[in-house]
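A short worksheet on the structure shown next.
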Amino acid sequence: MAAAVSAAVSFPSTKSTTSLSSRNPIIAPERLVFKKVPLQYRDVSTSGRVVSIRAQVTTEAPAKVEKESKKQEEGVVVNKFKPKNPYTGRCLLNTKITGDDAPGETWHMVFSTEGEIPYREGQSIGVIPEGIDKNGKPHKLRLYSIASSALGDFGDSKTVSLCVKRLVYTNENGELVKGVCSNFLCDLKPGAEVTITGPVGKEMLMPKDPNATVIMLGTGTGIAPFRSFLWKMFFEKHDDYKFNGLAWLFLGVPTSSSLLYKEEFEKMKEKFPDKFRLDFAVSREQTNEQGEKMYIQTRMAQYAEELWELLKKDNTFVYMCGLKGMEKGIDDIMVSLAAKDGIDWIDYKKQLKRAEQWNVEDS
Ligand SMILES: Cc1cc2nc3c(=O)[nH]c(=O)nc-3n(C[C@H](O)[C@H](O)[C@H](O)COP(=O)(O)OP(=O)(O)OC[C@H]3O[C@@H](n4cnc5c(N)ncnc54)[C@H](O)[C@@H]3O)c2cc1C
Ligand SMILES: NC(=O)c1ccc[n+]([C@@H]2O[C@H](COP(=O)([O-])OP(=O)(O)OC[C@H]3O[C@@H](n4cnc5c(N)ncnc54)[C@H](OP(=O)(O)O)[C@@H]3O)[C@@H](O)[C@H]2O)c1
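Letter 304 of the sequence shown, counting from 1, is numbered 304 in full-length UniProt numbering, and no numbers are missing.
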C-alpha cells in the first residue's frame, strides 16, 4: 500500500516560467494542481531483499566487489506493448513548462494507461506519432523517458507522464524543420489518442537501498527520470520504501526560464533539507569564477572534493541523463580528482559501472 504524502503538488507559477493559463487556453486552469489521494499500490519490490551496504569513507577508492544487484530488477516489465500491438492511451493534460523567452519549448504531458503499462521509475516508453513518413510507411517509434513515478502524477497508477522538448531546427537549405514526434506530442490536446509502446529500459532503475546516496545529473529534458525518482523519494509514502539517504540533483539548462519543475524541487528541498540537495547550472546566464560557461560539470567542479568522497562509498549511485557529451565534461573533472589519490578514473568508472553505481542514458 502506498499513498501520496503531499496533499497537492502544483506546477510552477514563478516569474521564471509564464503562467499556465496564459500558455495553454485549452486546459486553462489558473494554477494546475494535482490532488493526490491514497490508493492501492502495486507492490513491486517484495521479492527483493533490501540490502543496505555502507562503506567507510577512506582516502583511497576501495576496489568494488561483485554484489547483489542494487536495482529493483525483479518483476521489471519490458516491452509489454510492441509496435505491432501498441497501447492506445489518451492525453489527459499537456502544458508548456518553459517560459516564453526560453530557447525552445518543453511540455509536460500526462497520458491515461488504466494501469496497463506497469512501468518503474527510470524506464522509458515509445511513442508512435500519428501519420506516415515520406515513404508512405507509419512513423517509427521514438523513445521518451518517463517523468512520473510509478504511481503517476494523479497517484492512482493509471497514468504516465513525459517531459518533451519540441525539436525545431533550420536545415542546410535554410528551411525550418520540425521534429515529427516531439511536435506531435507537444501539440497533443487533452482527449487525443496516443500510441504507446514499452515500457523499456533497465539502466536507470533506482537503487534498492533506501539509505543510498543518489547523485542525479540531468541536462534539459534529461530531468525526466529524476523527477520520477524524486517524487517517489519525497512526495509519496510506500510501505516497502522510505528514502533515508541523500539525493543530490544537478540540473543544467540554458536559461532560468528553461528550468524544469523548479518549484516542485524547491518544495522537496524545503520539506527535506537534510536529504535533498539541489544545484542548477544555467549555462547562458551563469559563469564560474574564471568566467567560464556554467555547464553541469562546471557546477559539479565546485563540489569536486565532496563528490569524489561520495564516489568512494559503496552505496553512492550516479545517474546521468540528457545530452550526449556531458559525460566527457564530467570525466574531465573526475580524472584529476581521482589522480590525486593515485587512482585512474576511467578504470574506477568501469568498476562503478559493474557495481551499477554509474548509470548513463543519453541521446
Ligand atoms: C532513451 C531515450 C529517451 C529519450 N527521452 C526523451 C525525453 O524524455 N524527452 C525528449 O524531449 N526527448 C527524449 N529523447 C529524444 C526523442 O526520442 C526524440 O529523438 C526527439 O523527441 C526528436 O524526435 P522527433 O521525432 O521530434 O525528431 P525527428 O523527426 O526524428 O528528427 C530528428 C532528426 O533531426 C535531425 N536534427 C535534429 N536536430 C538537428 C539540428 N539542430 N540540425 C540538423 N539536423 C537536426 C537529426 O537527423 C535527428 O535524427 C529520448 C531519446 C532516447 C534514446
Ligand atoms: N533517456 C535519455 O536518453 C534521454 C532522456 C531525456 C532527454 N534526452 C536527450 O537529452 C537532450 C536534452 O536536450 P534539451 O534540448 O532538452 O536540453 P537543453 O534545454 O538545450 O539544455 C541542455 C543544457 O546542456 C548544456 N550543454 C550543451 N553542451 C553540453 C556539454 N557538452 N556538457 C554539458 N552541458 C552541455 C546546454 O548549454 P548551451 O545550450 O548553452 O550550450 C544547456 O544548458 C536531448 O538530446 C534529448 O534527446 C535523453
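Ideal placement from N, C-alpha and C gives every residue a C-beta, glycine not left out.
Inset, instruction - Would you mind stating whether Arg166 and Cys181 have Cβ atoms separated by less than 8 angstroms? - result: no
Going by beta-carbon coordinates alone, are Ser258 and Glu285 separated by less than 8 angstroms? no
Output yes or no for whether 8 angstroms exceeds the beta carbon distance between Ser124 and Leu143.
yes
### Query
What residue does the alpha helix (DSSP H) around Ala102 start on, and which one ends it?
Here Ala102 belongs to no alpha helix (DSSP H), and DSSP marks it neither H nor E.
- Task: Just the C-alpha distance for Asp100 and Thr106, rounded to the nearest angstrom, thanks.
- Result: Rounded to the nearest angstrom, the two C-alpha atoms are 10 angstroms apart.
Ser257 (DSSP reduced to helix, strand or coil)
helix
Requested in this report: Compare the C-alpha of Glu73 against each of Glu121, Asn288 and Ser336 and name the closest.
Outcome: Glu121
Take Lys313 as the anchor and find which of Leu278, Arg90, Ala212 and Thr287 has the nearest alpha-carbon.
It is Ala212 whose Cα lies nearest to the Cα of Lys313.
**Request:** Compare the Cα-Cα distances from residue 366 to each of Asn359, Ile296 and Thr159 and report the closest residue.
**Result:** Nothing can be reported for residue 366, as the shown portion of the chain is limited to 1 through 363.
Near Ala301, what residues of its chain come up, given a Cβ to Cβ distance below 6 angstroms and the 5 sequence neighbours on each side ignored? Ile333
*Ser22 classed as buried or exposed, judged by whether at least 16 other C-beta atoms fall within 10 angstroms*: Legend: pLDDT at Ser22 = 32, less than 50; position of this residue unreliable, value from coordinates given subsequently. Exposed, by the Cβ-count rule.
field: Rounded separation between Ala247 and Phe276 - CA only
entry: 5 angstroms
Quick check: is any heavy atom of ligand 2 less than 7 angstroms from the C-beta of Val253?
yes
Using 10 angstroms around the beta-carbon of Pro225, count the other beta-carbons present and answer buried if the total reaches 16, otherwise exposed.
Pro225 sits buried, since 16 or more C-beta atoms from the chains shown fall within 10 Å of its C-beta.
*Pick from Gly291, Ile346, Val160 and Gly136: whose alpha carbon is nearest that of Lys328?*
Ile346
- Where Val160 falls: helix, strand or coil (DSSP): strand
For Leu176, count the other beta carbons within 10 Å of its own beta carbon; 16 or more makes it buried, fewer makes it exposed. Which is it? exposed
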